[in-house]
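Participant:
In full-length UniProt numbering, the protein residues as written are 1 to 752.
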């Protein structure tokens with residue numbers, strides 16, 4: 001079955017009824033707002049529905065959706081591509097792969113080049129299968145196919161900065177890779193025009209070894225001076241000005257180098273550092289390490305190119321992925337990472353036994369290399385890319401590196417590998433593993449700060465055509481009640497488990513609703529974007545020429561969905577003249593509160609991964625990537641130095657305490673029956689006696705979990721964010737106009 005053969009069978013992402021979205025919006029904010037705040041939000045939503053602005057925007061969105069593969073897709077691209085801040089730490093996530101199981105430290109082969117060659121070869125097989133359209137289709141557990149469109153944006157793609165925002169550029173004919181070592185750039189071809197492999201694993205090993213040896217000729221104190229990759233960590237407008245300056249555009253050599261880098265399938269980053277500590281590895285894969293020796297930057301942070309997919313390998317063979325997030329989500333990259341990790345293992349098995357299984361279609365499984373003898377159009381020997389550095393460029397590199405170092409030092413990364421139990425035990429406890437861990441985050445934050453904050457988790461919607469994600473809002477009335485009752489020493493353990501069960505069920509219900517396209521964030525965000533385009537004088541229907549499209553095909557009636565719902569009356573003409581004012585729902589502080597994500601979380605688990613993570617999405621928040629395995633839970637947490645270690649220590653204590661509570665309840669309810677329950681003479685039976693014991697609160701364990709302090713209950717309103725959310729910066733400027741740039745700041749990216 002062809003990789004894209006099921007695309008036409010996928011339904012479009014539905015647009016929920018506006019009234020339902022608003023109802024769910026209020027439900028999401030109820031546990032986050034005080035009574036006074038919530039009354040204001042309800043009034044704002046009521047005005048939005050009754051004054052015609054909501055109906056008009058929703059109607060325009062539905063018209064727009066009929067000519068698009070997805071109603072949210074282009075708006076989502078725009079939110080990423082118009083993002084001005086550096087992509088490093090703010091947008092790009094990372095995966096840390098499990099170690100190579102066949103890495104033998106006693107072997108004479110350099111573990112770095114061995115791992116790099118293995119992962120590169122497996123990546124090329126994956127790309128070959130994708131280009132030949134023999135890559136198996138992603139499916140749900142029930143066999144339902146998922147959209148495969150994102151894979152077209154994974155390889156040969158690059159984020160290009162311009163003065164008007166970034167654009168995504170993809171080269172479907174790309175057949176080369178770029179390699180970085182000590183911040184020096186190299187390239188060579190890896191596929192021919194028929195997508196056949198040009199190099200064996202041994203050939204790749206030789207190439208990587210040659211590159212490392214050549215890069216070592218650059219003294220460490222000279223590396224930073226030519227570290228062109230640091231420019232991809234700059235503010236996007238700064239990078240755009242540099243990239244489109246005469247020193248680049250009018251310099252044939254520099255322009256050609258950028259073209260080679262932009263069109264490469266991916267970038268291999270060979271780091272000249274041995275790392276074993278998981279927190280250091282997480283930091284290295286996300287943003288590189290800033291190591292200053294006698295005032296000179298010698299860390300790995302300059303050995304990156306953040307506008308593309310990167311495979312990063314340390315000197316001791318630790319490997320990870322850092323990816324540009326605009327066109328692809330974690331699920332897509334996870335499939336790729338899982339496949340190349342698995343293939344690297346199977347390839348080793350095939351080197352011993354040619355009959356060993358393969359991931360690939362029989363037409364793609366061969367490791368044979370196409371001969372390029374006599375081919376002058378293919379370059380299989382590494383060539384170095386040397387920039388022409390003018391004084392202006394050198395100055396840009398200097399201050400780009402110092403700003404990057406500042407940015408790295410403003411963040412911290414910690415990990416927890418909880419090995420006492422995992423998903424198998426959680427399922428036996430009758431909880432959803434994901435909901436169980438989400439409630440652990442809620443309890444941990446409450447234990448530390450005595451309140452709850454807006455929490456985000458993405459739910460995949462790839463079973464829809466061009467589907468991406470929807471936001472699951474974890475905080476609920478049920479989760480608030482659970483965290484308050486969990487720490488009450490007078491509360492019976494059985495009751496604590498009941499409150500946890502209710503909270504987990506609510507979270508699972510919300511997740512299910514989001515996966516079928518009935519969430520709130522994407523719909524409201526799209527309405528906000530429609531309003532922005534309207535006040536700019538351009539309705540969505542007039543914007544088609546610039547939208548990012550797969551092709552010119554408009555999805556037909558077979559993709560019908562619920563997007564024909566209409567609301568409101570025929571007051572559209574009068575509404576248009578009033579829409580220059582920010583609609584009430586977006587001017588209300590509740591919109592800001594929901595978009596100020598303090599706990600940004602994402603579950604991206606797979607046996608091929610050791611850690612997964614990303615930076616915090618708000619200055620006072622945590623970025624939490626987690627992997628739930630059968631017998632363990634791995635968590636990578638980041639923050640801007642906000643007690644990250646203490647958060648994870650408290651989280652670990654919670655996991656232990658919760659299991660102790662479960663065992664206490666489980667053991668106390670066990671039935672102890674007599675050995676022989678039947679009287680030989682007579683019809684009566686002994687009835688087993690249920691032995692129960694009153695749960696005894698373990699104050700010491702709760703005290704430890706609470707940091708040594710005693711029990712507290714913040715109360716129904718006090719548990720919520722202290723103080724009201726800041727008003728939008730333009731709430732008091734409705735009559736004097738506003739700046740679109742101010743409005744952009746209102747949108748906070750929190751999607752991973």
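The beta-carbon is built from N, C-alpha and C at its ideal position, and this holds for glycine as well.
Where do the N-terminal and C-terminal ends of the beta strand (DSSP E) with residue 322 fall, by residue?
Facilitator: 319-322
Participant: Count the other CB atoms within 10 Å of the CB of residue 88; is the residue buried (16 or more) or exposed (fewer)?
Facilitator: buried
Participant: Would you call the region 280-298 in contact with the region 199-213, where contact means no fewer than 3 C-beta pairs closer than 8 Å?
Facilitator: no
Participant: Thinking C-beta only, is residue 474 closer than 9 Å to residue 495?
Facilitator: no
Participant: DSSP state of residue 437, grouped into three classes?
Facilitator: helix
Participant: In this structure, how does DSSP classify residue 22 when only helix, strand and coil are distinguished?
Facilitator: helix
Participant: Looking only at C-alpha atoms, which of 478, 156 and 162 sits nearest to residue 173?
Facilitator: Checking every option, the nearest Cα to that of residue 173 belongs to 156.
Participant: How far does the alpha helix (DSSP H) with residue 493 in it extend, from its first residue to its last?
Facilitator: 493-515
Participant: Among 214, 655 and 177, which has the Cα closest to the Cα of residue 262?
Facilitator: 177
Participant: So, with DSSP's three-state summary, where would you put residue 681?
Facilitator: Note that residue 681 has pLDDT 40, beneath the 50 cutoff, so the model's placement of it is unreliable and no number is given.
Participant: Just the Cα atoms here: how many angstroms apart are residue 466 and residue 625?
Facilitator: 24 Å
Participant: Pick helix, strand or coil for residue 150, following the three-state DSSP scheme.
Facilitator: helix
Participant: Taking the C-alpha atoms as reference points, what is the distance between residue 607 and residue 348?
Facilitator: 18 Å
Participant: Alpha carbon to alpha carbon, what distance is there between residue 614 and residue 643?
Facilitator: 17 Å
Participant: Grab the span of the alpha helix (DSSP H) containing residue 120 for me, first residue to last.
Facilitator: 111-131
Participant: Which same chain residues end up closer than 7 Å to residue 144 when comparing Cβ atoms and leaving out the 5 residues on each side of it in sequence?
Facilitator: For residue 144, where only same-chain residues beyond five positions count, the Cβ hits under 7 Å are 463.
Participant: Within 10 Å of its beta-carbon, does residue 252 have 16 or more other beta-carbons around it, so buried, or fewer, so exposed?
Facilitator: Exposed.
Participant: As a quick exercise: from 358, 64, 23 and 110, pick the residue whose alpha carbon is nearest that of residue 135.
Facilitator: 358
Participant: Ignoring anything shorter than 4 residues, give me the alpha helix (DSSP H) runs that lie fully in the region 249-297, in order along the chain.
Facilitator: 252-263 and 278-286
Participant: Please go through the same chain and pick out, in chain order, the residues whose beta-carbon is closer than 6 Å to the beta-carbon of residue 610, but skip the five residues on each side of it.
Facilitator: 96 and 98
Participant: DSSP beta-bridge partners for residue 624?
Facilitator: Residue 624 is bridged to 601 and 637.
Participant: Distance, Cα to Cα, residue 552 vs residue 634?
Facilitator: Interpretation of residue 552 is limited by its pLDDT of 35, a score under 50 that renders its predicted location unreliable; the figure taken from the coordinates is listed afterwards. About 43 Å.
Participant: Is it buried or exposed for residue 723, if we count other Cβ within 10 angstroms and need 16 for buried?
Facilitator: Here residue 723 scores only 47 on pLDDT, less than 50, and its place in the model should not be relied on; the value that follows carries that caveat. That one is exposed.
Participant: Which residues in the same chain as residue 602 place their Cβ atom closer than 7 Å to its Cβ, once the five residues preceding and following it in sequence are excluded?
Facilitator: 330, 457, 458, 625 and 752
Participant: With residue 211 as the anchor, note down where its beta strand (DSSP E) starts and where it stops.
Facilitator: That residue, residue 211, is in no beta strand (DSSP E); its alpha helix (DSSP H) goes 201-215.
Participant: Does the separation of the CB atoms of residue 419 and residue 303 fall below 9 Å?
Facilitator: no
Participant: By Cβ distance below 7 Å, which residues in the same chain neighbour residue 249 in space, the five residues on each side in sequence not counted?
Facilitator: 255
Participant: The beta strand (DSSP E) that contains residue 38, what's its start and end?
Facilitator: Element bounds for residue 38: not the beta strand (DSSP E) but the alpha helix (DSSP H), 35-50.
Participant: Does DSSP put residue 187 in a helix, in a strand, or in coil?
Facilitator: strand
Participant: Return the residue from the list 327, 63 and 632 that minimises the CA-CA distance to residue 416.
Facilitator: 632
Participant: Quick check: what's the CA-CA separation for residue 442 versus residue 7?
Facilitator: 38 Å
Participant: Could you say which of 37, 55 and 505 lies nearest to residue 21 if we only look at CA atoms?
Facilitator: 55
Participant: Give me, in chain order, the residues of the same chain whose beta-carbon lies closer than 6 Å to that of residue 518; leave out the 5 immediate sequence neighbours on both sides.
Facilitator: Within the same chain, residue 518 has close Cβ partners 16.
Participant: Let me know if residue 580 comes out buried or exposed under the rule of 16 or more other beta-carbons within 10 Å of its beta-carbon.
Facilitator: exposed
Participant: So what does residue 469 bridge to, in DSSP terms?
Facilitator: 460
Participant: Go through its chain and collect everything with a Cβ distance to residue 620's Cβ below 6 Å, but skip five positions before and after it.
Facilitator: none
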